[in-house]
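Chains as they are written, first to last, in the numbering used here: chain A, 575 to 972; chain B, 575 to 972.
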C-alpha cells in the first residue's frame, strides 16, 4: 500500500456494492470511492447504467456517466436469473455497504431487499435512495431530479421575483440525496464499530430537498412568511445579491455592521450610515426595496472590475458572476487542483474532491469503468474459475 | 443509554467541538449531532453566533439560528483571553472532531489552528470550512453564500433562458460545503480506526459548488458545450421540465424509451412516437426546441390535476410545482415525519433528518441552546468548580 495514497484514502478496506444508476446513487458512491472504498458497480448486461446512453459522448463513453463513476469497478449481472442473484448474494456476504437507488420495492421483489441482505450479512449497511422514501403513500411513484425539485417547493423559491419557477441549474434533487446518503452511511459505519450490527438507511429525495430548505420551511411554519422567488437576493440579509454595473454584474454581500461601514465608505455613500432606515441588519433586510435603488444608482455609474477592486480593498465580500468557462480558468481553482485528469483517460478533465485532505488534494482517482470491465477480476475474487465465468457469460448472466 | 435512541444515534460517544457561525459550519455539525454526537458549540460571550441576530425571531430567538443548531450544547468562551484559549485546549484534548468556519488564518492567529490542536490531540479530526479553502491566492478573501454561488458559475446556470442569473433559492453555497465537510469528517473517523491518527479536512465553498456542477464542468471541458440558464429544463434530457397548463404548471420527466411510449399514449400524442425527429433520447434532447411547442399545445388544453392523474396512471414521473405552504401540507411529508417538534420548544416545527434510519425517522432532536446555556455543565465536566467558573465569568472569559 502506497503511504501517500493511504493518507488521503481513509475508507480503504471498505467494500461497497453499488446497484445504482443515473445520478443520486452514483454520486454517493463516487464520494465513497474517492475516499478509498472498493466500489463494485453492478450493471445490467448489455446496456448497463441508463446514464451510459446520455449524450454528449467522448470516445463513445457518456460524459454524464463518466463524471460520477470514477473510482469504481464494473461487473455485469442479470439479477433476474438465479445465478445472477447468487453472485450478488456472494458479494453481499463480503461487503460492508450496499447502495441502491431503484424504485422502492424493486430490490424486495428480486429477493435482494434489506431483510434478505441482512439474513446473509447482518453487518451490512444497506442504503436505499428513492424519490419519496421506502414508506408512505408516494413510495411507488417514480421521481427524477426535476420532480424532486418541483414537488418539494425548491423550484417555487428559485428564479426571478414575479417570474416563473426555475430549476436549480444542477440536479440538486439527485445530488443532495447522494450526499445525505453518504453522511448517513458513514455514520452507520461508525455505529457498527460499537454495535457490531449493520443498518438500513432509507433516503428520500423529496425529504432531502426539504432539509436543504430548512430555513424557508421554518420561516413559513414558525413565522408565517411564505418564501418566494427573489432573483439573486437573500430573504433575510441585505444587501446580499447581484447588482448590474455599467458593464458586467457583480455579487456582493454585507452581513455584519463592520462590513456595512466598510461597504458604504468604499462606495462613497457614507450618508447611508446615518440613514435611520438602514440602522441595523434586520432594518436593512426589511427595507431592501428602499435600499436597492440607491445602490443600483451607485453601481450603474462604474465598471465591475473597479468596484471589485474597491470592495476587495475594503474587505467586503464580492465577486464576478462567472460563467462555467470563466470559473475553469480561475487561478484559485488552478491552485486548489480541483480539476483533475485520471491516468487511464488522458485529456479528459473532471471536477475532483471539493476538499483537501491532510494538506493536499485528494489524489489517485481512477477512470470510470467500461461496462463489465472487471467481470473476470471480481468473479475470480469470489473463487470462480474461467470455465465457470465463460459458462455464466454464455447463459446470459453476465 | 436508551436502546431506542441508540439505534438511530450511530455517532453516540463522539465529541465534537463546534467553532462555527452562520450556516456552513453549523449545518455540518447539525448532521453530526442529529446522528448522536455530543456537539459543544463555542460562541463569543455577549453576542454568540452572528446568526443569533438574524430575523425573524420567535420568543426572541432567531429562527435562522435555531434551525441548524439543534442537538448542540452552547458554551461562551472569549478566545482572545489566555484563560479562554486554555479551556478550548482542554476541550480539544478530549474531543474527536473540531469543525470551524472562520476565515482562513483566524484560528492559526489565535494559536488554535490545526498544528496547534494536533500537538494537543493527535487523534483530533479538524475540519476548516472557508470560502476558498486554506490555500491559494483567494484564501484570505471573505465569502458568503451568494459569493460562492456567483464566483463558481452556479448562478450563471440558474434562472430563465436569456434572463438574469438567479441565486439558488436556498444557501446552497453554505449548505453544500457543510455536507461535504460531514462526509469528509466521517470518512476520517473511519480512517482513524485504522491509522490511530486524526486528519485535517480543508473544505472550500467554491470547490464544493464545482463538485455540484460536475456535469456542467465536464461538458464544457470535454465537449466544448457552454452551460447556460435553461429555466426548468434539463440540459441533456427532454422532455424534462415544467409546462404551463390551463391552470397550474406541471413538472414532468421522460427519461427512458418505455417512459416516452407511456407518456405519448397518456397524452394522446401517439403520432410523436413515429416522428423520426424524436426517435430516441439524444434526439429528443437535441430537438427539444421543436418538441416543446408541440407539448405546450397539448398541456395548454387541460387542467394540471387531470394531467397528473393521467400521467400517474401511466407511471410517468410528474408532480405539481408546490409552494412551501403546499409541501408542508403534503401527505407524504406527514407520513415520513419530516417536520419535527423538539420537546423543549413546543409549537416550533423544524425540518428533521431527510432519511429514516433502521426503519423509522431519526428521533430525539434536542432544542437549540440559549447562548452559554451549558457553561456550568461543560466546565464542570472539565473539572472546574463553581468558584473558578464565577471567576471566569467575572473577568470576561465566559
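Quick reminder that beta carbons are idealized off the backbone N, C-alpha and C, glycines included.
Residue interval of the beta strand (DSSP E) (run including residue i)
{"i": "residue 832 (chain A)", "result": "Taken as a continuous stretch (DSSP letters only), residue 832 (chain A) belongs to no beta strand (DSSP E), being part of the alpha helix (DSSP H) at 831-841."}
{"i": "residue 612 (chain A)", "result": "612-617"}
{"i": "residue 816 (chain A)", "result": "814-817"}
{"i": "residue 894 (chain B)", "result": "892-894"}
{"i": "residue 826 (chain B)", "result": "824-827"}
{"i": "residue 913 (chain B)", "result": "913-915"}
{"i": "residue 732 (chain B)", "result": "It is not in any beta strand (DSSP E) - residue 732 (chain B) carries neither H nor E in the DSSP assignment."}
{"i": "residue 646 (chain A)", "result": "646-650"}
Residues bridged to residue i (per DSSP)
{"i": "residue 701 (chain B)", "result": "B:673 and B:775"}
{"i": "residue 661 (chain B)", "result": "Residue 661 (chain B) is not bridged to any residue."}
{"i": "residue 590 (chain B)", "result": "B:613 and B:671"}
{"i": "residue 635 (chain B)", "result": "B:632"}
{"i": "residue 930 (chain B)", "result": "A:776 and B:935"}
{"i": "residue 925 (chain A)", "result": "A:913"}
Span of the alpha helix (DSSP H) around residue i
{"i": "residue 688 (chain A)", "result": "688-694"}
{"i": "residue 954 (chain A)", "result": "949-955"}
{"i": "residue 862 (chain B)", "result": "862-873"}
{"i": "residue 585 (chain A)", "result": "Looking at the DSSP string, residue 585 (chain A) is not in any alpha helix (DSSP H), and its letter there is neither H nor E."}
{"i": "residue 796 (chain A)", "result": "788-797"}
{"i": "residue 723 (chain B)", "result": "719-725"}
{"i": "residue 516 (chain B)", "result": "Outside the displayed span of chain B (575 to 972) sits residue 516 (chain B), for which this structure offers no information."}
{"i": "residue 655 (chain B)", "result": "Per DSSP, residue 655 (chain B) belongs to no alpha helix (DSSP H) and is neither H nor E."}
{"i": "residue 680 (chain A)", "result": "680-683"}
{"i": "residue 806 (chain B)", "result": "It is not in any alpha helix (DSSP H) - residue 806 (chain B) carries neither H nor E in the DSSP assignment."}
{"i": "residue 963 (chain A)", "result": "960-968"}
{"i": "residue 598 (chain B)", "result": "598-608"}
Candidates the options, of which the one nearest residue i by Cα
{"i": "residue 799 (chain B)", "options": "A:596, A:615, A:585 and A:629", "result": "A:629"}
{"i": "residue 876 (chain A)", "options": "A:888, A:842 and A:713", "result": "A:842"}
{"i": "residue 653 (chain B)", "options": "B:589, B:945 and B:593", "result": "B:593"}
{"i": "residue 694 (chain A)", "options": "A:660, A:831, A:677 and A:704", "result": "A:660"}
{"i": "residue 728 (chain A)", "options": "A:741, A:717 and A:716", "result": "A:741"}
{"i": "residue 916 (chain A)", "options": "A:762, A:771, A:938 and A:763", "result": "A:938"}
{"i": "residue 691 (chain B)", "options": "B:667, B:680 and B:683", "result": "B:667"}
{"i": "residue 677 (chain B)", "options": "B:779, B:611 and B:608", "result": "B:779"}
{"i": "residue 600 (chain B)", "options": "B:587, B:641, B:731 and B:885", "result": "B:641"}
{"i": "residue 697 (chain A)", "options": "A:768, A:713 and A:793", "result": "A:768"}
{"i": "residue 604 (chain A)", "options": "A:753, A:801, A:806 and A:716", "result": "A:753"}
{"i": "residue 746 (chain B)", "options": "A:635, A:858, A:789 and A:758", "result": "A:789"}
{"i": "residue 612 (chain A)", "options": "A:681, A:878 and A:587", "result": "A:587"}
{"i": "residue 874 (chain A)", "options": "A:897, A:821, A:944 and A:620", "result": "A:821"}
{"i": "residue 631 (chain B)", "options": "A:894, A:766 and A:856", "result": "A:856"}
{"i": "residue 819 (chain B)", "options": "B:867, B:714 and B:942", "result": "B:867"}
Beta carbon of residue i nearer than 8 Å to that of residue j
{"i": "residue 626 (chain B)", "j": "residue 639 (chain B)", "result": "yes"}
{"i": "residue 777 (chain B)", "j": "residue 784 (chain B)", "result": "no"}
{"i": "residue 589 (chain B)", "j": "residue 669 (chain B)", "result": "yes"}
{"i": "residue 940 (chain B)", "j": "residue 918 (chain B)", "result": "yes"}
{"i": "residue 700 (chain B)", "j": "residue 672 (chain B)", "result": "yes"}
{"i": "residue 809 (chain A)", "j": "residue 826 (chain A)", "result": "no"}
{"i": "residue 651 (chain B)", "j": "residue 971 (chain B)", "result": "yes"}
{"i": "residue 928 (chain B)", "j": "residue 911 (chain B)", "result": "no"}
{"i": "residue 852 (chain B)", "j": "residue 869 (chain B)", "result": "no"}
{"i": "residue 796 (chain B)", "j": "residue 923 (chain A)", "result": "yes"}
{"i": "residue 803 (chain A)", "j": "residue 737 (chain A)", "result": "yes"}
{"i": "residue 709 (chain A)", "j": "residue 909 (chain B)", "result": "yes"}
{"i": "residue 952 (chain B)", "j": "residue 882 (chain B)", "result": "no"}
{"i": "residue 770 (chain B)", "j": "residue 734 (chain A)", "result": "no"}
{"i": "residue 750 (chain A)", "j": "residue 775 (chain A)", "result": "no"}
{"i": "residue 608 (chain A)", "j": "residue 764 (chain B)", "result": "no"}
{"i": "residue 837 (chain B)", "j": "residue 828 (chain B)", "result": "yes"}
Closer than 9 Å at the beta carbon, the chain E residues around residue i
{"i": "residue 803 (chain A)", "result": "Of the chains in the structure shown, none is chain E; the protein chains are A and B."}
task = Can you give me, in chain order, the residues of the region 915-938 of chain A that have a beta carbon less than 7 Å from any beta carbon in chain B?
result = Flagged, chain order: 922, 923, 924, 925, 928, 929, 930, 931, 932 and 933.
query = the region 889-915 of chain B: which residues have C-beta closer than 8 Å to a C-beta of chain A, in chain order?
reply = The region 889-915 of chain B vs chain A, Cβ under 8 Å: 889, 890, 891, 892, 893, 894, 895, 896, 897, 898, 899, 900, 901, 902, 904, 905, 906, 907, 909, 910, 912 and 913.
query = Going along the region 729-749 of chain B in order, which residues come within less than 9 Å of chain A, judged by CB to CB distance?
reply = For the region 729-749 of chain B, the set of positions with a beta-carbon nearer than 9 Å to some beta-carbon of chain A reads 729, 730, 731, 732, 733, 734, 737, 738, 739, 740, 741, 742, 743, 744, 745, 746 and 749 in chain order.
request  = Residues of the region 753-768 of chain A with a CB closer than 9 Å to any CB of chain B: list them in chain order, please.
outcome  = From the region 753-768 of chain A, only 753, 754, 755, 756, 757, 758, 759, 760, 761, 762, 763, 764, 765, 766, 767 and 768 have a Cβ closer than 9 Å to chain B.
task = Below 7 Å between beta carbons is the criterion; list the residues of the region 620-645 of chain B that meet it against any residue of chain A, in chain order.
result = When C-beta distances to chain A are compared with 7 Å, the residues of the region 620-645 of chain B below that value are 624, 627, 628, 629, 630, 632, 637, 638, 641 and 642, in chain order.
request  = Would you list, in chain order, the members of the region 780-796 of chain A that have their beta-carbon closer than 9 Å to a beta-carbon of chain B?
outcome  = Here the close residues are 780, 781, 782, 783, 784, 785, 786, 787, 788, 789, 790, 791, 792, 793, 794, 795 and 796.
ask   = For the region 680-712 of chain B, which residues have a CB atom closer than 7 Å to at least one CB atom of chain A, in sequence order?
value = Only those residues of the region 680-712 of chain B whose C-beta falls short of 7 Å from the nearest C-beta of chain A are listed: 706, 707, 709, 710, 711 and 712.
ask   = What residues in the region 858-871 of chain B bring their beta carbon closer than 9 Å to a beta carbon of chain A?
value = Cβ contacts with chain A come from 859 and 860.
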